[in-house]
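Residue numbers (our numbering): 31 to 198.
This is how it looks when you write it as structure tokens:
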């Protein structure tokens, strides 16, 4: 965005894509899907000490229709997989996903018949946060990287992303 100062009335010139993405990147509305200890770390992330509101993501929503960022924090079983897929489908476009912790990313140490070995088998994931459980600073780092990704996106119509279709 450029500000022109040589005229008597200052004005701002920019592209529509830049203005829309600026608004999107600083007004993310996260939906936490917490099933294990990573959800406790998410609660720590939204506390005043770590202050997620600095990044414009303090409006935590518990309805998928009011959120655009899904944070999956914890182990997902095959019984939970259709629920997670439905929640993702109900979110408004554009939407992003963060897999928080090794259980959401790869199943963690639960390598058995009932545990989904990574949520990327059923929904697309934008960022993976490592750790068991990950530190709040790691989640904030992923949020900053997501903001950078949002600032580079174009204006695309709804339905731009699809689930992968493999897995549960």
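Using N, Cα and C, we set each Cβ at its ideal position, and we do this for glycine too. Bear in mind the structure is a predicted one, so any value in this text is a computation, not a measurement.
Under DSSP, the beta-bridge partners assigned to residue 130 are 103, 159.
For the 8 Å CB-CB criterion, residue 132 and residue 162 form a contact. Judged by DSSP in its simplified three-state form, residue 154 adopts coil rather than helix or strand. In terms of CA proximity to residue 108, 141 leads the group 141, 69, 76, 120. In the three-state reduction of the DSSP assignment, residue 62 falls in the strand class. In this chain, the alpha helix (DSSP H) harbouring residue 118 covers 111–120. Distance from the CA of residue 135 to the CA of residue 42, rounded to the nearest whole angstrom, comes to 42 Å.
By the neighbour-count criterion, in which 16 or more other beta carbons inside 10 Å mark a residue as buried, residue 55 falls on the buried side.
Under the three-state reduction of DSSP output, residue 42 falls in the strand class.
For residue 75, DSSP assigns no beta-bridge partner whatsoever. For the 8 Å CB-CB criterion, residue 185 and residue 99 do not form a contact.
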